[in-house]
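In UniProt numbering, the protein residues as written are 1 to 433.
Note that CB positions come from ideal geometry on N, CA and C, so glycine has one too.
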């Protein structure tokens, strides 16, 4: 046994010596990873909260990823949606034996027998577990949907708001928790936004503008999340196949009835078949036995009968699922309308601020235009002074009153020019006078 271990275990290159490899005892070899626990990625145990469908009791279990995949018949890509280390948009996936729910804080796997949630201290997760237990114990879901009767007509008669299957109740509470969480955040954002926007319309400051910018960033992120939940619910409502796929209890009961019916039919056939001779020769090329043919016929007939019954009740089941989704579609659509109204109010406030800024800018432009016109008039007076300041003889220099007349005429001419510009601005409606 020691030689076998020595051949199978890996030896590092530093421990291999071609000269004395056969004489070196195995006890002196030390594996470089000895004493270090090497854990493969993706195989670590995780803590899950399990809620039983029949009793409503919850317990904390620790299982690895592959155990959950085998238990719920899910691919690895679906479990990645539940990983808290990754950020994925809200998703509801209907699989053969489970419903994968990723709605904000609620990340769970819903089957016909249980709900598995990632163990978390988040208040919404704990409220989800408490509410699910309360509804299960209040309505006795485990008693309603036990396989006491194999007839699917009973299932159709029990389809009411008080007798929904377990997976519908779990999905309903998840939708309720997600919608409540998003609506609460939208309400908090509204309470903070409207007073700030009203203050900004009266006092435009850098601090208020920065606060509005941060608020708008939060609004855009929240609107995107609400829109994703709304689109996910709407997509499910538009696809009858996806809604029918989520009816896990009916599929489980159908499979149980098929297996139960096959066993009963074979038992009845063998009981009425009578004893067979043990000395009868068996030919390897002979046709299949008669009970094999009968088994296939009975199985085919029962599957057709059950499929007809299930198709009759599938419409009612889809209607129940559609009504459930439609109720929360209205809720999430109302939240989206609140956020849309808030965004429109922010856009209106921005437009109002831009109008105010444009008005101030127009006033500055008008004032600058007046200054430019006045500067032009003063420049004309400067041109006259420059002409008379040239070094050449002029007869006006000999008259004592010539300076007064030149000054008076220049001032009147500048005033006339300035008034002409003002009249032009008024006629063109450049300035309000």
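What are the boundary residues of the beta strand (DSSP E) that includes residue i?
i	result
residue 220	Counting along the chain, residue 220 falls outside any beta strand (DSSP E), though it belongs to the alpha helix (DSSP H) covering 206-238.
residue 398	From DSSP, residue 398 is part of no beta strand (DSSP E); its letter is neither H nor E.
residue 101	99-103
residue 79	Run containing residue 79: none in the beta strand (DSSP E); it sits in the alpha helix (DSSP H), 76-80.
residue 87	Residue 87 -> no beta strand (DSSP E), and no H or E assigned at all.
Please state the DSSP three-state secondary structure of residue i.
i	result
residue 386	helix
residue 416	helix
residue 331	helix
residue 94	strand
residue 51	strand
residue 282	In this prediction, residue 282 has a pLDDT of 40, which is less than 50 and means its spatial position is unreliable; nothing more can be read from the coordinates.
residue 117	strand
residue 63	strand
residue 428	coil
residue 34	For residue 34, the predicted model reports a pLDDT of 43, less than 50, meaning its position is unreliable; a value from the coordinates is still stated below. The answer is coil: DSSP assigns residue 34 none of H, G, I, E or B.
residue 72	helix
Assuming residue i and residue j form a contact by the criterion Cβ under 8 Å, report the distance between their Cβ atoms to the nearest whole angstrom.
i	j	result
residue 324	residue 168	6 Å
residue 377	residue 418	5 Å
residue 183	residue 335	5 Å
residue 177	residue 92	Between residue 92 and residue 177 the Cβ distance is about 13 Å, and since that is not below 8 Å, they are no contact.
residue 99	residue 248	7 Å
residue 191	residue 131	That belief does not hold up - the Cβ atoms of residue 191 and residue 131 are roughly 26 Å apart, past 8 Å.
residue 339	residue 223	5 Å
residue 189	residue 219	6 Å
residue 216	residue 346	6 Å
In angstroms, rounded to a whole number, what distance separates the CA positions of residue i and residue j?
i	j	result
residue 80	residue 332	25 Å
residue 175	residue 50	19 Å
residue 432	residue 426	7 Å
residue 143	residue 171	No answer about residue 143 holds up, because its pLDDT of 47 lies below 50 and its placement is not dependable.
residue 321	residue 354	48 Å
residue 209	residue 199	10 Å
residue 416	residue 360	29 Å
residue 127	residue 253	30 Å
residue 394	residue 401	14 Å
residue 211	residue 341	19 Å
residue 403	residue 375	23 Å
residue 201	residue 352	7 Å
residue 230	residue 343	18 Å
residue 448	residue 194	Any question about residue 448 goes unanswered here, given that the chain covers just 1 to 433.
residue 389	residue 399	16 Å
residue 72	residue 129	19 Å
residue 407	residue 368	27 Å
residue 405	residue 424	28 Å
residue 232	residue 225	11 Å
residue 414	residue 370	14 Å
residue 134	residue 348	46 Å
residue 78	residue 70	13 Å
residue 443	residue 125	Here the chain covers residues 1 to 433 and nothing more, so residue 443 does not appear.
Provide the residue span of the alpha helix (DSSP H) that contains residue i, from first to last.
i	result
residue 175	166-202
residue 125	123-139
Among the candidates the options, whose CA atom is the shortest distance from the CA of residue i?
i	options	result
residue 89	191, 221, 197	221
residue 84	119, 62, 72, 59	119
residue 123	75, 170, 69, 180	180
residue 227	337, 136, 247	337
residue 243	393, 412, 95	95
residue 45	55, 135, 356, 67	67
residue 319	241, 214, 369	241
residue 366	421, 232, 230	421
residue 165	129, 246, 204, 216	246
residue 410	232, 397, 392, 381	381
residue 256	112, 73, 72	112
residue 138	56, 75, 185	56
residue 329	73, 82, 234	234
residue 237	398, 76, 187, 327	327
residue 104	72, 407, 185	185
residue 116	75, 73, 133, 52	52
residue 82	54, 47, 129	47
residue 356	347, 397, 204, 232	204
residue 58	70, 97, 114	114
Is there a C-beta anywhere in chain C that falls below 8 Å from the one on residue i?
i	result
residue 230	As a matter of chain content, chain C is missing from the structure shown, which is built from one protein chain.
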